[in-house]
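For reference, the structure is listed below as structure tokens.
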Amino acid sequence: MQMARPGNTRAQFNNLLSSRWFILICALMLMLISGVVAGNVHLTIAQLEQDKKVFDSQNLRSGVVSVVDVQRLLLIMQEALTIGEMTPALHADLRAASDMLYVRADSFYAPRQADASFPSPERVAGSMLRIVDAMDVDAQAGYPDLEASWTNLLGLAEQSRRDLVDHLDRVQRYQADLLDMQLMAVTEKRNVVWAALAGLMLFAISALVLLRSEILATKARQQAEARIRHLAFHDPLTGLPNRAQFQEHLSTCLDGGQSVTLMILDVDEFKLINDTYGHSAGDTILIHISNVLQEVASAYDCFVARLGGDEYALIVPQVRLPDATEICDLVMAQVRVGIVIEGEVINPQTSVGIATSTQIGASLHLDAEALSRAADFALYTAKSAGRGRYTVYDEALEVKFLARRKMVEELPGAIANGEMEIFLQPKLRLETSEIYGFEALVRWRRDGVLVPPDEFIATAEESGQIIDLDRSVLRRSCRMVADFNSTHGTAFSISVNFSALQFNAKRFCGVVQDVLADTGLPAHLLIIEVTETAEFGDLEQAKPIISALQSLGVRIAIDDFGVGFSSLSYLRNTFADEVKFDRSLVKDIEHSSSSRFLLDSMIEIAHQLSLEVTIEGVETDSQLQIIAPMGAMNGQGYHWCKPLPAEDALQLAITQPFLPDAEKTPGKNIA
Ligand code: C2E
Ligand code: CA
Ligand code: CA
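Okay, so the sequence shown: first residue is 891 according to the working numbering, each after it adds one.
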């Protein structure tokens, strides 16, 4: 499963943000356009109102008022006619009314409209001015004939009224046309505004829909991300944090300088439980363990995780080991409390590895990986020590373990690349001090340093690499001695050490037979030394192989007799030809009579069983003096010679340096 990348989330967030900006801009635009449109409409209306006012006052009003003014002149003239004379008061009124009409007529000459269709004012003004002129003429004449003046005025007034009515009618029609046109213009403007608003609304709605779907998608994405995050950091079976979260948590603790104790817990024989009761039973146990761990974790404020399979981790936020081991005991005990599966009670057993950050911090670079590795190693130790227990990390043990592992890794290469060197240690007849053969002892030239066999033989045995090693030593030492014998006419024997494991390996006899055939070494000059060990304990299994080897003519020696598992009764049952008494039997003979007695008795028994006896580890002349009368046949030890590089040992042997001078005849020991 892939985790949501933070980059993606940021991009989505940016998208959302940008779409918010988009909406904001839309809203602002909407407001701006609405404002502009509203302002424009408002201006248009104001302009219309103003125009109407001006138009009314300039055209309609003066038209209507002019009718009234003409009417007033008629009324004054009528009154004068009724009275029969033009009184000064009436004359003044007539004069004022006439002046007013004059002014009114003038107002028709200031047309605002440039439009050609606008009714021409000249006619109206002309007929009004004709009234004014007639009034002026009558006034100057002093109204000689009121009747005539009246008739004249009536005619002129009638004409003026007709012109005015006509004018007003045309003005009104013009105004109606204008109104229609303006209405059309406003309607058009309104339509445009509506269309713009509808467009904007549509735009805003689609933006809102977009934003909504974006928000929904983001929400869905966030939910999916959260789900993925949960899956990425939790174990689906138990719901516990998984390895990834564990590592993160541990790193955070350590980076923050917090001291912690890490426990790694592993179920013993979990595979067996799975195989026996099925996987769902296995799951039940895993959940049971997770429940126990969660309870303990919440009681002690620890962090718990399932690392995978049947492995769990508990991080205790302190390093007091007694407390930690107490927690560990509690967990192990709680887990062991049986759970019933298919009517059967199962008591799961666990092993735990414990490591503290202070332990690691003291020597190695402290990080989550180092601490986990230490706890893992402690767990491995607990498992190797027999399971069902906890082990606290021990650095010295790990160093040894790592050295051994490195050795296991390097051994095959070392064997194949000839890094194993064969040293030979002479074996002597005690009676004559004659070198009659050698024991092949291997050394490993590792990075220029000669490593003694004690440091790698056990490892080679544990890893099974001893089989190849022994066979290589067998082949090479047999070839060296066979070649040397045939070159120098000697008959030195060669004793080769063999791990008891060889007796379980296939074709062991065949290998020995091949080597003898290939090197030409006579079979009786090859002695195979085997140390009696637990593996070799099953004599019954080894017997046919030993007999087969003996039937080839090869001799068998029991090595290191007197230590470990060896017993005198064993000697009785063995088919060996030779027994090599360990140097521990020789070590104290100079000072301890019981040691002397023991060695003497054992040699005696070996003789009675017709076994050839070799005493190993003879270091001093006084030891030799004590051993000599005991009747042992052969000796080997630093007293004569340490193991030497093969060539040196062979060269030394040919000189027979330990023989009395008189007897030094090279090639004496030819078979
Ligand atoms: P081992 O078979 O008992 O070999 C004799 C060991 O005693 C040799 O140690 C030798 O150097 C040492 N030794 C001999 N004389 C004296 C003495 O006077 N005093 C003391 N203190 N030690 C003496 P080395 O060579 O270190 O070998 C140790 C063991 O390694 C051998 O014990 C043998 O068990 C094993 N080994 C050596 N080579 C091989 C091999 O090729 N295959 C196998 N399987 N084991 C080998
Ligand atoms: Ca040996
Ligand atoms: Ca030995």
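C-beta atoms are modelled at their ideal positions from N, C-alpha and C, and glycine is treated no differently.
Keep in mind that this is a model prediction, so the values were computed, not measured.
Item to check | Any 3 or more C-beta pairs closer than 8 Å across the region 1183–1198 and the region 1101–1119 | outcome: With the cut-off at 8 Å, the region 1183–1198 and the region 1101–1119 do not touch.
Checklist entry - Measuring CB to CB, does Met967 end up less than 9 Å from Leu1043? => result Annotated as proximal: Met967 and Leu1043, with beta-carbon spacing under 9 Å.
Item to check | Ile1231: first and last residue of the uninterrupted alpha helix (DSSP H) it sits in | outcome: In this chain, Ile1231 is not harboured by any alpha helix (DSSP H); it is covered by the beta strand (DSSP E) spanning Ile1229 to Ile1231.
Checklist entry - Quick one: what does DSSP say His1124 is sitting in, helix, strand or coil? => result It is a strand residue.
Checklist entry - Taking the C-alpha atoms as reference points, what is the distance between Leu1359 and Ser1247? => result Pairing Leu1359 with Ser1247, the inter-Cα distance amounts to about 41 Å.
Checklist entry - Exposed or buried, what is Glu1329 when buried is set at 16 or more other beta-carbons lying within 10 Å of its beta-carbon? => result Looking at its Cβ environment, which holds 16 or more other Cβ atoms inside 10 Å, Glu1329 is buried.
Next on the checklist: For Ala1203, list the residues DSSP reports as bridge partners.
Outcome noted: Ala1203 pairs with Ile1154 and Ala1195.
Checklist entry - Helix, strand or coil: which one does DSSP assign to Thr1545? => result Reduced to three states, the DSSP call for Thr1545 is helix.
Next on the checklist: What ranges does the alpha helix (DSSP H) occupy inside the region 968–1050, keeping only unbroken runs of at least 4 residues that lie completely in it?
Outcome noted: Listed in chain order, they are 978–997 and 1012–1031.
Item to check | Stretch-stretch touch, CB-based, cutoff 8 Å, three pairs: the region 1536–1544 with the region 1313–1333 | outcome: Yes, since at least three Cβ pairs between the region 1536–1544 and the region 1313–1333 fall closer than 8 Å, the two stretches touch.
Checklist entry - From this set, Asn1307, Leu1036 and Arg1051, which residue's C-alpha is nearest Arg1013's C-alpha? => result That would be Arg1051, whose Cα lies nearest to the Cα of Arg1013.
Checklist entry - How about Thr1421: is its Cβ closer than 8 Å to a heavy atom in ligand 3? => result Look at Thr1421: its beta carbon is less than 8 Å from one of the heavy atoms in ligand 3.
Checklist entry - Near Gln1239, which residues of its chain fall below 7 Å by C-beta distance, leaving aside the five closest residues on each side in sequence? => result Cβ neighbours of Gln1239 within its own chain (closer than 7 Å, five residues either side excluded): Asp1158, Arg1226, Arg1277 and Gly1278.
Next on the checklist: Classify Thr1545: buried if its beta carbon has 16 or more other beta carbons within 10 angstroms, exposed otherwise.
Outcome noted: Counting every other CB atom within 10 Å of its CB across the protein chains shown gives Thr1545 a total below 16, marking it as exposed.
Checklist entry - At a cut of 8 Å, does the region 1496–1513 reach the region 1463–1477 through at least three beta carbon pairs? => result Output reads yes: the region 1463–1477 touches the region 1496–1513.
Item to check | Burial state of Trp911 (16 or more Cβ within 10 Å) | outcome: It is exposed - the Cβ of Trp911 has fewer than 16 other Cβ atoms within 10 Å.
Item to check | Sequence-distant residues of its chain with Cβ nearer than 6 Å to Phe1465 (five each side left out) | outcome: Excluding its 5 nearest sequence neighbours in each direction, Phe1465 has C-beta neighbours in its own chain below 6 Å: Ile1436, listed in chain order.
Next on the checklist: Less than 8 Å separating the Cβ of Glu1506 from some heavy atom of ligand 3?
Outcome noted: In terms of side-chain proximity, the C-beta atom of Glu1506 is found nearer than 8 Å to a non-hydrogen atom of ligand 3.
Next on the checklist: I need the straight-line Cα distance from Leu1442 to Tyr1528, nearest angstrom please.
Outcome noted: Each residue's alpha carbon lies about 32 Å from the other.
Checklist entry - What three-state label does DSSP hand Glu1553 in the structure shown? => result Note: Glu1553 maps to helix in three-state DSSP.
Next on the checklist: Would you say the beta carbon of Asp1165 is closer than 8 Å to some non-hydrogen atom of ligand 3?
Outcome noted: For ligand 3, not one heavy atom lies less than 8 Å from the Cβ of Asp1165.
Checklist entry - What's the call for Asp859, buried or exposed, on a 16-neighbour Cβ count within 10 Å? => result Examination of residue 859 is not possible in this model, given that the chain is present from 891 through 1561 alone.
Item to check | Under the three-state DSSP convention, the category Lys1470 falls into | outcome: In the three-state reduction of the DSSP assignment, Lys1470 falls in the strand class, which pools E and B.
Checklist entry - My guess is that Leu1261 and Ala1245 are in contact by the Cβ rule of under 8 Å, so how many angstroms apart are they, rounded? => result At roughly 6 Å, the Cβ-Cβ gap stays under 8 Å, so Leu1261 and Ala1245 are in contact.
Checklist entry - What number of angstroms, rounded off, separates the C-alpha of Leu1549 from the C-alpha of Phe1398? => result Looking at the two C-alpha atoms, the distance is approximately 37 Å.
Checklist entry - Considering only C-alpha positions, which residue in the set Glu1419, Gln1072 and Thr1151 is nearest to Leu1211? => result Of the residues Glu1419, Gln1072 and Thr1151, the one whose Cα lies closest to the Cα of Leu1211 is Thr1151.
Item to check | CA-to-CA distance, Ala1195 to Gly897, given in whole angstroms | outcome: Note that Gly897 scores a pLDDT of 48, beneath 50, so its modelled location is shaky and nothing firm can be said.
Item to check | Per DSSP, cross-strand counterpart(s) of Met1310 | outcome: Per DSSP, Trp1334.
Item to check | 9 Å Cβ cutoff, Tyr1064 in contact with chain B | outcome: Structure shown: chain B not included; a single protein chain is present.
Checklist entry - When the Cα atoms are used, what is the spatial distance from Phe1393 to Glu1351? => result Computed Cα separation, rounded: 13 Å.
Next on the checklist: Rounding to the nearest angstrom, what Cα-Cα distance links Ala1496 and Leu1461 in this structure?
Outcome noted: Taking the straight line joining both Cα atoms gives about 7 Å.
Checklist entry - Nearest to Asp1551 by CA position, among Asp1028, Ala1031, Asp1404 and Ser1323, is which residue? => result The shortest Cα separation from Asp1551 among Asp1028, Ala1031, Asp1404 and Ser1323 belongs to Ser1323.
Next on the checklist: I'd like the span of the beta strand (DSSP E) that includes Gly1243, first residue to last.
Outcome noted: Gly1243 -> beta strand (DSSP E) spans Thr1240 to Thr1246.
Item to check | Burial state of Ser1274, where buried means 16 or more other Cβ atoms lie within 10 Å | outcome: Ser1274 comes out exposed.
Checklist entry - To the nearest whole angstrom, what separates the beta carbons of Val1386 and Leu1364, a pair I think is in contact under 8 Å? => result Right, the Cβ-Cβ distance comes to about 5 Å (below 8 Å), so this counts as a contact.
Item to check | Cβ contact check for the region 1163–1171 and the region 1213–1222: 3 or more pairs under 8 Å | outcome: With the cut-off at 8 Å, the region 1163–1171 and the region 1213–1222 do not touch.
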